[in-house]
Amino acid sequence: MNLVQHGEAVPAAGRSSAAPADDHGLTARLAERKDGVALATPRARGAVRVDLEEVFRTTYPRVVGVAARVLGSREEAEDVAQEVFLEFARSSVPVTAAPGWLSVAAAHTALNHLRSSRRRAFREEAAGRGDSSAPDVAETIETLDERRRVRLALGRLPRRQAVALVLRHSGLSYAEVAEALHLSPGSVGTTVRRAEAALRKELNPHAPSS
Amino acid sequence: MHHPADGTLRRLVDEPAGVADPDREHVGGCPQCLAEVAAAQQDATFAGTALDVALDTDVDAGWQRLSHAAVGGATDRWQTTGRARPWRSRLRSPVVAGAGVLALLTGASAAAAGDWLQIFSAEQVAPVTITQEDLVELPDLSAYGEAEVVERVRIRDVASAASAEKVTGLEAPRVDDLPQGVTGQPAFEVVDKVSGTFTFSAEEARRSAKTQGETLPQPPAGLDDSRFRLEVGPGLAAIWSEERGLPALAVARAVAPTAYSSGVPFATARDYLLSLPGLPENVAAQLRSFSADGTTLPVPVPEDLMTSSATEVDGVDATLLEARDGTMAAVIWVEAGVVTVVAGSVTDDEVLAVARGLG
């Protein structure tokens, strides 16, 4: 799972050397990075935390919501949520820190997925072609184009700003965002404000400047 | 007093209770700050609209998927059926993306043809030892071109072995003697056929090579834009769970992977791809050693986590995988175009006993 953080504090320290095989490569790939890696402290191989279902049921909608705000697609957001919970399942992240950890992980993983822009664009076109419920082709294209622009803009934001923005708009309080990103609540406001201004400027450059 | 910071003004927009009284009082009487708050409000609304998504999240479905795919990692790790996670997710996973590359690279030296031509049909399995470093280096399919999912993974629970057989056309496995500690009746799942296409792109490969500081060798004629199609499934699985709902033993069967080429002689493509920068040399060497008849299914084995050894199941060559920490064992083999996997939180002897006793 891609839980790369760029400079900020990580939700859970440690580097996993015992991730499941499907995630093992990514874990290994991340472990090579120099710019900070957010990986949960691994449990013994094969061990799965007993509180997983409880945490899942209480946090899954929010985790999907975080990823969906980045990706603009519920389906892909659910894929990201699965990746995130997979990592969490084998982690030792304290249950009290789980909502924040999962949200940050979902934001980072989803932002990392944005990198595969070419594949994404292809799939969107395919999805657009197959969407018989779309009332109007022009509207569909416009919606897809808008989503693409939003994601492009998100991808251009500094990572910390993008994560803070998405978390705040996913319903996390300032205190929760602050705790999850190891920021002061005041810094959360500043970071979110900058991200929103940048997003508006990127997507709607003719609007009055703040 | 000084004007409050931007962040404080932003917080006034949607969490005013978190702003100190003196700051709020100041803003109330400061046109400059009020204008800043209004601008922040506008940008926040704009961002909220841009990021808004309509979601109707199905928690039960999500949990079912996780408990099957993620929680049962021990049984999910090496399956080639694509049972537990979507093909698309798997394409993003280096192990599976790697497996896709491996499957492509072991295709047969078939002649070119105008239509899809079967170039690879798994009739046996062979482990490919992969280190952590290999996984880091192993290129994603997207490093070589464009991957597209044609038929996505659809996993469904079915009520019985008979239902699973009816849906897939495969014989459901019957286990008469369960290993110690595994009890009860299995749950059955089926997965429809999964297929994807891969289009080789010289430009993409060149770009990938460049990022590694390498120069792409000149692609052979006809390779650029040539397409390959990979298919696997349908498949079925019988899963015995322990009390917490985690899989204790699973037996899965699926129509073994096949690959098709849109026309390029596959030996040409394979030899070229094996020469590309990015593929770890020891992996490439293992792949070169495979028979060139396109019937060997490579099973990636992360060597720091697992060991593999040759065995047999009822006279058919099979590969036994064991986690180095002893938490799981699995055996995989291909017979008559069907790949079967038996795996679980059991010992190697137990998994082999189940495999050899399948009805």
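Residue numbers (our numbering), protein chains in the order written: chain A, 1 to 210; chain B, 1001 to 1359.
Glycine included, every Cβ here is placed at the ideal spot set by N, Cα and C.
Note that the coordinates shown come from a computational prediction; the quantities given were computed from them, not determined experimentally.
Residue span of the alpha helix (DSSP H) that contains residue i, given as start and end
i	result
Ala1040 of chain B	Pro1031 to Leu1051
Gly1184 of chain B	Where Gly1184 of chain B is concerned, there is no enclosing alpha helix (DSSP H), given that its DSSP letter is neither H nor E.
Ala1209 of chain B	Ala1202 to Thr1211
Gln82 of chain A	Arg74 to Ala89
Thr1168 of chain B	Ala1161 to Thr1168
Val48 of chain A	It is not in any alpha helix (DSSP H) - Val48 of chain A carries neither H nor E in the DSSP assignment.
Leu1216 of chain B	Note, Leu1216 of chain B: premise wrong, no alpha helix (DSSP H); not H, not E.
Gly189 of chain A	Pro185 to Leu203
Asp1177 of chain B	Segment: none, Asp1177 of chain B is in no alpha helix (DSSP H) and carries neither H nor E.
His1002 of chain B	Here His1002 of chain B belongs to no alpha helix (DSSP H), and DSSP marks it neither H nor E.
Ala162 of chain A	Arg159 to His169
Residues sharing a beta bridge with residue i, DSSP
i	result
Arg1253 of chain B	B:Leu1236 and B:Thr1340
Met1306 of chain B	B:Ala1323
Trp1333 of chain B	B:Ala1318 and B:Thr1340
Glu1312 of chain B	B:Asp1317
Thr1057 of chain B	Looking at the DSSP assignment, Thr1057 of chain B forms no beta bridge with any residue, so it has no partner.
Val1191 of chain B	B:Ile1155 and B:Gly1235
For residue i, the nearest candidate out of the options (CA to CA)
i	options	result
Ser92 of chain A	A:Leu52, A:Arg148 and A:Ala197	A:Leu52
Val1442 of chain B	B:Ala1250, B:Glu1146 and B:Gly1169	Beyond the ends of chain B as shown, which are 1001 and 1359, falls residue 1442 of chain B; an answer cannot be given.
Glu1148 of chain B	B:Leu1276, B:Phe1200, B:His1026 and B:Asp1271	B:Phe1200
Ala1162 of chain B	B:Ala1172, B:Arg1156 and B:Ile1155	B:Ala1172
Ala197 of chain A	B:Thr1045, B:Val1019 and B:Pro1280	B:Thr1045
Pro1016 of chain B	A:Pro185, A:Leu157, A:Lys201 and A:Val66	A:Pro185
Arg1156 of chain B	B:Ala1047, B:Ala1143, B:Phe1188 and B:Gly1181	B:Phe1188
Ala1039 of chain B	A:Arg193, A:Glu202 and A:Leu203	A:Arg193
His1026 of chain B	B:Ala1336, B:Asp1177 and B:Leu1009	B:Leu1009
Lys1210 of chain B	B:Ala1318, B:Gln1180, B:Asp1317 and B:Ala1143	B:Ala1143
Arg1065 of chain B	A:Arg74, A:Glu83, A:Glu202 and A:Val55	A:Glu83
Gln1024 of chain B	B:Glu1036, B:Asp1043, B:Pro1004 and B:Ala1035	Before going on, a small fix: residue 1024 of chain B reads as Arg here, not Gln. Among B:Glu1036, B:Asp1043, B:Pro1004 and B:Ala1035, the Cα nearest to that of Arg1024 of chain B belongs to B:Pro1004.
Thr1183 of chain B	B:Glu1146, B:Glu1203, B:Ala1250 and B:Gln1212	B:Ala1250
Ala1205 of chain B	B:Ser1275, B:Pro1220, B:Asp1177 and B:Gly1145	B:Gly1145
Phe56 of chain A	A:Arg200, A:Leu181, A:His182 and A:Leu86	A:Leu86
Asp1348 of chain B	B:Val1316, B:Glu1312, B:Gly1359 and B:Glu1335	B:Glu1312
Leu1358 of chain B	B:Val1283, B:Pro1179, B:Asp1224 and B:Cys1033	B:Pro1179
Val66 of chain A	B:Val1059, B:Asp1060, B:Leu1051 and B:Asp1058	B:Leu1051
Asp1271 of chain B	B:Pro1219, B:Thr1327 and B:Val1158	B:Pro1219
Ile1239 of chain B	B:Tyr1260, B:Ser1262, B:Val1175 and B:Pro1022	B:Val1175
Glu1214 of chain B	B:Pro1277, B:Asp1325, B:His1068 and B:Asp1021	B:Pro1277
Arg62 of chain A	A:Arg148, A:Gly171, A:Leu152 and A:Leu157	A:Gly171
Gly1326 of chain B	B:Pro1031, B:Val1334, B:Glu1350 and B:Thr1340	B:Glu1350
Leu1274 of chain B	B:Thr1340, B:Leu1216 and B:Ser1067	B:Leu1216
Val1013 of chain B	B:Ala1355, B:Ser1262, B:Tyr1260 and B:Glu1036	B:Glu1036
Cys1030 of chain B	B:Arg1011, B:His1002 and B:Leu1055	B:His1002
Gly1196 of chain B	B:Gln1041, B:Ala1336 and B:Ser1261	B:Ser1261
Presumed contact (8 Å Cβ cut-off) between residue i and residue j, rounded CB distance
i	j	result
Ala164 of chain A	Val150 of chain A	No, Ala164 of chain A and Val150 of chain A are not in contact; Cβ-Cβ is about 16 Å, not under 8 Å.
Leu1321 of chain B	Val1346 of chain B	So it is not a contact: roughly 12 Å between Cβ atoms.
Val80 of chain A	Leu114 of chain A	Contact flag wrong, Cβ pair sits at about 11 Å.
Leu1230 of chain B	Pro1257 of chain B	6 Å
Ala1254 of chain B	Gly1344 of chain B	Incorrect: roughly 17 Å between the Cβ atoms, too far for contact.
Gly1048 of chain B	Tyr174 of chain A	Not quite, the Cβ-Cβ distance comes to about 15 Å (not below 8 Å), so this is no contact.
Gly1062 of chain B	Glu78 of chain A	6 Å
Val1191 of chain B	Gly1222 of chain B	That belief does not hold up - the Cβ atoms of Val1191 of chain B and Gly1222 of chain B are roughly 34 Å apart, past 8 Å.
Val104 of chain A	Gly1007 of chain B	That pair is no contact at about 19 Å.
Thr1319 of chain B	Ala1310 of chain B	7 Å
Gly1235 of chain B	Ala1259 of chain B	About 17 Å separates the two Cβ atoms, so there is no contact after all.
Ala153 of chain A	Leu203 of chain A	6 Å
Val1342 of chain B	Val1354 of chain B	5 Å
Val1053 of chain B	Tyr60 of chain A	Actually they do not touch by this definition, with Cβ atoms about 15 Å apart.
Delimiting residues of the beta strand (DSSP E) encompassing residue i
i	result
Ala1318 of chain B	Val1316 to Ala1323
Arg1156 of chain B	Ile1155 to Val1158
Interfacial residues, the region 178-195 of chain A to chain B, with Cβ spacing under 8 Å: Pro185, Gly186, Ser187, Val188, Gly189, Thr190, Thr191, Val192, Arg193, Arg194 and Ala195
Near-chain A residues of the region 1006-1031 of chain B - C-beta to any C-beta below 7 Å: Asp1006, Gly1007, Thr1008, Arg1010, Arg1011, Glu1015 and Gly1018
Members of the region 1222-1238 of chain B near chain A, C-beta cut-off 7 Å: none
Near-chain A residues of the region 1180-1207 of chain B - C-beta to any C-beta below 7 Å: none
Proximal residues, the region 1312-1332 of chain B versus chain A, C-beta separation under 8 Å: Ala1323, Asp1325, Thr1327 and Met1328
Contacting positions in the region 1047-1071 of chain B - beta carbon closer than 7 Å to chain A: Ala1047, Gly1048, Ala1050, Leu1051, Val1053, Leu1055, Thr1057, Val1059, Gly1062, Trp1063, Arg1065, Leu1066, Ala1069, Ala1070 and Val1071
Chain B contacts made by the region 80-91 of chain A, where a contact means CB separation under 8 Å: Ala81, Gln82, Glu83, Phe85, Leu86, Ala89 and Arg90
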